[in-house]
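Residue numbers (our numbering): 219 to 415.
For glycine and all other residues, C-beta sits at the position ideal for the given N, C-alpha and C.
If you're wondering where the values come from, they're calculated on a predicted model, not measured in any experiment.
Only one structure is covered here, and it is reproduced in the block below.
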């Protein structure tokens, strides 16, 4: 039974994140937001939606250790396993800006978590501080995106395209439905995963 709950929850999380990103990005593009900004904010945050859903669901269920383990474990897995497997398949081209800017920020965030957790808990004020830093970093990314080369902007535009007039996801009602369905799938998926743990 736990295996079925786990697999069902995992499926709903993946499906929910996909629907949420699709609906949100199409909605943002419909309001004239540039593909570059959509890619740096909505899509980037949407890919973390499963982790967010599981962590929040675990906290609401009183299993705070799952929330911490989920965040720390997923970061370790992303760096060591996903990058490792990808590099074994084919060499990865590393942008020098990534090394100079994003990697130090990622390392700094890890040390910040270490410092905040030394007292044995992450308090309400710790959470508020981390959230303010996230908003600040998002604003920084948007400002930084204005300095991107036209080639980088074209790459984002090619990946994130607005719906063609008359397309099934061109209507506001459909975009809102995708967002609602994605959120619902994330909620139920996280609940199933927490129950299976």
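The region 276–286 contacting the region 407–414, beta-carbon criterion three pairs below 8 angstroms
As far as the Cβ criterion goes, the region 276–286 touches the region 407–414, which means the pair count is three or higher.
Short check: CB of residue 402 to CB of residue 275, under 9 angstroms?
Indexing the chain shown from 1 puts residue 402 at position 184. Indexing the chain shown from 1 puts residue 275 at position 57. Cβ distance not < 9 angstroms, so residue 402 and residue 275 don't count as in contact.
Closest Cα partner of residue 348 within the set 331, 336, 360, 339:
By one-based count along the chain shown, residue 348 stands at place 130. With distances taken between Cα atoms, residue 348 lies closest to 331.
Three CB pairs or more closer than 8 angstroms across the region 223–238 and the region 391–405
Judged by Cβ distances under 8 angstroms, the region 223–238 makes contact with the region 391–405, as three or more pairs qualify.
With the cut-off set at 9 angstroms, would you say residue 261 and residue 273 are in Cβ contact?
Translated into the one-based positions of the chain shown, residue 261 becomes position 43. Translated into the one-based positions of the chain shown, residue 273 becomes position 55. Not closer than 9 angstroms, so no.
Taking DSSP as the reference, what is the three-state secondary structure of residue 249?
Working through the chain shown from its first residue, we reach residue 249 at position 31. Coil.
Please name the residue, chosen from 350, 354, 322, that lies closest to residue 314 on a Cα-to-Cα basis.
The count along the chain shown starts at 1 and reaches residue 314 at position 96. When the alpha-carbon of residue 314 is set against those of 350, 354, 322, the nearest one is in 322.
Could you give the first and the last residue of the continuous alpha helix (DSSP H) run that contains residue 391?
Position 173 of the chain shown, counting from 1, holds the residue named residue 391. Residue 391 -> alpha helix (DSSP H) spans 390–414.
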